[in-house]
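Note that the sequence shown covers residues 26 to 161 in our numbering.
Just so you know, even glycine gets a beta-carbon here, dropped at the ideal spot from N, CA and C.
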Amino acid sequence: MGKPDEFSPEWNDWVMSLFTEDELVYNKDVDEKLPRAIGLRRVSQFVHGAIKRSGPVELVIRDRDEKTTITYEVEFDNGRVFGDVAECWAENTPVTFMGHPAATACTRAESRVLKKALGLKGLTAEEMTHEQKEVQ
26 MGKPDEFSPE WNDWVMSLFT EDELVYNKDV DEKLPRAIGL RRVSQFVHGA
76 IKRSGPVELV IRDRDEKTTI TYEVEFDNGR VFGDVAECWA ENTPVTFMGH
126 PAATACTRAE SRVLKKALGL KGLTAEEMTH EQKEVQ
């Protein structure tokens, strides 16, 4: 299938077809293969061109509930800029990632931004709040 119009009903399926199996994680709760940040980076550059700038623009850490919030932006060479936010705290993060809450929130926020840039429906692997199983 050729590249559909970005706002067509076929867009999501076309973008998802660009991911390799190792860039997807199967999540049994939603019964879907969800894109990982590494794949979102590659596919977003395939669709929009090289990333000119990518990184956090704000970090907020709240001591009372140990919540880390990251606001993240990505700018592509084509001039398009996308942003989003993600949080990390004990209630929404697997214990294996709680040793690095800012880094975890940053990767979540980046994956949300790239999902938005790609116009994808659904969740990314990094947005899930519990352990996941790799795609077989």
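Check	Outcome
Going straight from the alpha carbon of N117 to that of T129, what length do you get?	11 Å
Helix or strand or just coil, what does DSSP make of P29?	coil
If you reduce the DSSP assignment to three classes, tell me which class S42 lands in.	coil
To the nearest angstrom, how far is it from the Cα of Y97 to the Cα of V72?	20 Å
Grab the span of the beta strand (DSSP E) containing T94 for me, first residue to last.	92-101
At what residue ranges does the segment 47-130 contain a whole run of the beta strand (DSSP E), taking only runs of 3 or more?	49-52, 57-60, 76-87, 92-101, 106-113
So F107 and A142 are supposed to be a Cβ contact under 8 Å. How far apart are they, rounded?	4 Å
Between the C-alpha atoms of G74 and K140, what's the straight-line distance to the nearest angstrom?	15 Å
In or out: G64 buried (at least 16 other Cβ within 10 Å) or exposed?	buried
Assuming the contact rule is C-beta atoms closer than 8 Å, A150 and L59 should be a hit. Round their C-beta distance to whole Å, please.	4 Å
Sort C113, W114, V68 by Cα distance to E46 and report the nearest one.	V68
How would you call T93, buried or exposed, if buried means at least 16 neighbouring beta carbons within 10 angstroms?	buried
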